[in-house]
Amino acid sequence: LVVPAGALYAFPAVVGAAARNFDDHEFALDLMNEEGVLVVPGSSFNVPYRHHFRVTLMPEASVMRDVFARIDRALARRAEAVTKVVPLKPRSVA
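Following full-length UniProt numbering, the numbering of the sequence shown begins with 1 at its first residue and continues without gaps.
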């Protein structure tokens with residue numbers, strides 16, 4: 001067992017369609033439940049914006065590739081959900 005001597009983090013911003021009405025706490029919970037990836041909501045670090053999250057970069061490169069693929073899938077689902085156009089039901093005008 002080796003005692004950790006440090007850590008390295010990324011604080012990425014969510015941009016594009018996925019950023020529309022983005023809630024970092026909701027995203028962190030959804031990402032954990034749907035993809036098994038744990039991130040920290042950016043607003044937990046007392047910043048005035050909610051479109052960032054923090055992720056550690058310490059695991060092996062192959063693990064990080066899988067982690068970022070899972071994050072990408074979650075963001076793609078979110079972007080699709082916020083851009084999906086739901087047709088209005090016709091109303092009768094009687």
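C-beta: ideal position from N, C-alpha, C; glycine also.
Assign residue i to one of three DSSP states: helix, strand, or coil.
i   : result
V3  : coil
H25 : helix
V40 : strand
If we count the other Cβ atoms within 10 Å of its Cβ and call it buried at 16 or more, is residue i buried or exposed?
i   : result
L8  : exposed
A28 : buried
V14 : buried
V67 : buried
Determine the direct distance from the alpha carbon of residue j to that of residue i, and round the result to whole angstroms.
i   : j   : result
L38 : K89 : 39 Å
V2  : L57 : 17 Å
Measure the CB-CB distance between residue i and residue j and report whether it falls below 8 Å.
i   : j   : result
F53 : P41 : yes
R78 : E35 : no
A18 : L75 : yes
D24 : R50 : yes
Give the range of the beta strand (DSSP E) segment to which residue i is assigned.
i           : result
residue 119 : The chain is shown only over 1 to 94; residue 119 falls outside these bounds and no answer can be derived.
Over the uninterrupted alpha helix (DSSP H) stretch that includes residue i, give me the two end residues.
i   : result
V67 : A61 to T83
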